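Residue numbers (my numbering): 98 to 216.
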């Protein structure tokens, strides 16, 4: 079961609103957001150094550092903003927020009822 929320991602003067998958299984040491190439291009991100990773089922892949972005999330009552490292991931189809990104925003997830809220 998956949960996606509306986010605004900004890099320098460019911003894009999109849905982002909340993925607690995407474990990172700092807040990170994985972006498809098309979204990275809209933001004007530059492809940086490659990062090798191991995904589900022992699959291997590569992402590329894309720089620091600002992620803004709003609930009905509150708006929160954090800085996160962008990863440009070939073959990715949507924005995916890491566990540390979710934690830094203070988002609580209830997958059964498909709801989220701020702590």
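We put the beta carbon where it would ideally sit given N, CA and C, even for glycine.
Quick caveat: nothing in here was measured; it's all calculated off a predicted structure.
Q.
What does DSSP give as the partner residue(s) for residue 131 in the beta ladder?
A. Here the question's residue 131 lines up with position 34 in the chain shown. BP columns for residue 131 point to 184 and 193.
Q) Going by the beta-carbon positions, is the gap between residue 179 and residue 131 smaller than 7 Å? A) Taking the first residue of the chain shown as 1, we reach residue 179 at position 82. Taking the first residue of the chain shown as 1, we reach residue 131 at position 34. No; because the gap between Cβ atoms is not below 7 Å, this pair is not in contact.
Q) Between residue 184 and the rest of its own chain, which residues show a CB-CB distance below 8 Å, the 5 nearest in sequence each way excluded? A) Here residue 184 refers to the residue found at position 87 of the chain shown. Closer than 8 Å at the Cβ level, and outside the excluded window around residue 184, lie 129, 130, 131, 132, 148, 160, 161, 162 and 163.
Q. Of the residues 105, 110 and 201, which one's Cα is nearest the Cα of residue 116?
A. If you number the chain shown from 1, residue 116 lands on position 19. For residue 116, the nearest C-alpha among the options comes from 105.
Q.
Can you find the residues in the same chain that come closer than 6 Å, C-beta to C-beta, to residue 111, ignoring five residues on each side of it along the sequence?
A. In the chain shown, the residue the question calls residue 111 occupies position 14. 140 and 141, listed in sequence order.
Q. Between which two residues does the beta strand (DSSP E) carrying residue 101 extend?
A. The residue given as residue 101 occupies position 4 in the chain shown. Element bounds for residue 101: 101–108.
Q) residue 142 by DSSP, collapsed to three states: which one? A) Translated into the one-based positions of the chain shown, residue 142 becomes position 45. Coil.
(Q) Between which residues of its own chain and residue 121 is the CB-CB distance below 6 Å, once the five residues before and five after are set aside? (A) Residue mapping note: residue 121 aligns to position 24 of the chain shown, counting from 1. Cβ neighbours of residue 121 beyond the five flanking positions: 196.
**Q.** Outcome for residue 186 when other beta-carbon atoms lying within 10 angstroms are tallied against a minimum of 16
**A.** Taking the chain shown and counting its residues from 1, the one referred to as residue 186 is at position 89. Classification for residue 186: buried.
Q | Span separating the alpha-carbon of residue 207 from that of residue 138 | A | By one-based count along the chain shown, residue 207 stands at place 110. By one-based count along the chain shown, residue 138 stands at place 41. Taking the straight line joining both Cα atoms gives about 32 Å.
Q | Nearest-angstrom Cβ-Cβ length linking residue 211 and residue 119, presumed shorter than 8 Å | A | As a first step, residue 211 must be located in the chain shown, where it is residue number 114. As a first step, residue 119 must be located in the chain shown, where it is residue number 22. Rounded, the Cβ-Cβ distance is 11 Å, inconsistent with contact.
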